[in-house]
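In what follows, a structure is listed as structure tokens, so that the remarks can point back to it.
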Amino acid sequence: MINPQIAKYINDERARGVIDADIKKALIEKGWQENDVENAFKAQVAIAHVGGLFKGRLDKGNFLKIALAAIALQFLFMFFGAGSMMGMMPGYGSSLFGGTNLGIAIIGLLVMVVMGLVVAVYELGATVRRLHDLGQTGWYALGLALVGMVPFIGWIISIGALIYLSITPGDPAENTYGGVPNPHVTLWQAIKGSE
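If you use this note's numbering, the sequence shown closes out at 197, no skipped numbers anywhere.
Next comes the structure, spelled out in structure tokens:
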């Protein structure tokens, strides 16, 4: 468990411009255990990474790459989940992974749901950053995600939004959400966002 006093101290010192090495040294000198200090810094890095998914801007080319990769991964996870449950359905001898075991079906379903949610978070982050590139608030991405859950009409709106976000040029200059995004980054750099 992360000590909230240590986390607050780290945030306050970083806000004042103190480097991490000096913050660690000061915390240890104040009597905090080195292990507790290290864990607090690791937690801060994890929080910063997730927050970075939703900050900054993303150009249309990198957005399209992320969207297509997310769609492909979602289909892969759906195939895995459905394939693992086939053995539980009447008329099918076994699942794609062998047997009619309920455990295989449950594991397949859990993998499909968990990995689908992970991909959805990264996809939502890319949509937020793409909206930022257009000078719009990222909250529209949440609205798009909710509308996309409505059968048929929501899917049509989601496909239209995907096309719009993939072809509309972003602000040519710096805007409220940051500088002009670099179109020459790797797919992984585009997915991670700023940190």
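No residue lacks a Cβ here, since even glycine has one placed at the ideal position from N, Cα and C.
State the DSSP-derived secondary structure class of residue i, mapped to helix, strand or coil.
i, result
"GLY162", "helix"
"ASN184", "coil"
"GLU197", "Below a pLDDT of 50, predicted positions are generally treated as unreliable, and GLU197, at 46, falls in that range; the measurement from the model is reported next regardless. Residue state, collapsed to three classes: coil."
"TRP34", "coil"
"VAL39", "helix"
"GLN191", "helix"
"ILE21", "coil"
With a cut-off of 8 Å, does the C-beta of residue i fall near any C-beta of chain C?
i, result
"LYS62", "Judged by its chain identifiers, the structure shown contains no chain C, having just a single protein chain."
Return the residue from the list the options that minimises the CA-CA distance to residue i.
i, options, result
"LEU126", "ILE21, ASP22, GLY172, ILE193", "ILE193"
"ALA74", "MET117, ASN41, ALA17", "MET117"
"VAL121", "LEU55, GLY140, VAL152", "LEU55"
"TRP198", "ILE8, GLU40, LEU60, ASP38", "In the structure as shown, the chain starts at 3 and stops at 197, and residue 198 therefore has no counterpart that could be examined."
"ALA84", "GLY105, LYS62, LEU104, MET114", "MET114"
"TYR124", "LEU144, LYS44, GLY33, THR139", "LEU144"
"PHE82", "LEU104, ILE109, LYS62, GLY105", "ILE109"
"SER160", "GLU176, THR129, ASN177", "THR129"
"LYS44", "TRP34, VAL20, ALA9, ALA17", "ALA9"
"ASP38", "VAL20, ILE4, LEU112, ILE155", "ILE4"
"PRO6", "ALA17, VAL20, ASN41", "ASN41"
"LEU164", "LYS62, ILE155, GLY105", "LYS62"
Locate the alpha helix (DSSP H) running through residue i, then write down its first and last residues.
i, result
"GLN7", "6 to 17"
"LYS67", "62 to 87"
"TYR142", "141 to 149"
"TYR124", "104 to 135"
"LEU55", "Segment: none, LEU55 is in no alpha helix (DSSP H) and carries neither H nor E."
"ASP173", "No alpha helix (DSSP H) contains ASP173, which DSSP labels as neither H nor E."
Under 8 Å by Cβ, that's how I've got residue i and residue j pegged, so tell me the actual separation to the nearest angstrom.
i, j, result
"GLY58", "TYR179", "7 Å"
"SER86", "ALA107", "6 Å"
So does residue i have its beta carbon nearer than 7 Å to some heavy atom of the ligand ADP?
i, result
"ILE106", "No copy of the ligand ADP occurs in the structure displayed, which carries no ligand at all."
Q: Decide if the stretch 127 to 137 is in contact with the stretch 177 to 197; the criterion is three or more beta carbon pairs, one per stretch, under 8 Å apart.
A: Yes: the two stretches touch, three or more of their Cβ pairs being nearer than 8 Å.
Q | Three-pair Cβ contact test at 8 Å for the stretch 158 to 172 versus the stretch 60 to 67 | A | Counting C-beta pairs closer than 8 Å gives three or more between the stretch 158 to 172 and the stretch 60 to 67, which meets the contact rule.
Q: For the stretch 20 to 40 and the stretch 146 to 157, state whether three or more C-beta atom pairs, one from each stretch, are separated by less than 8 Å.
A: Result no; under three Cβ-Cβ pairs closer than 8 Å.
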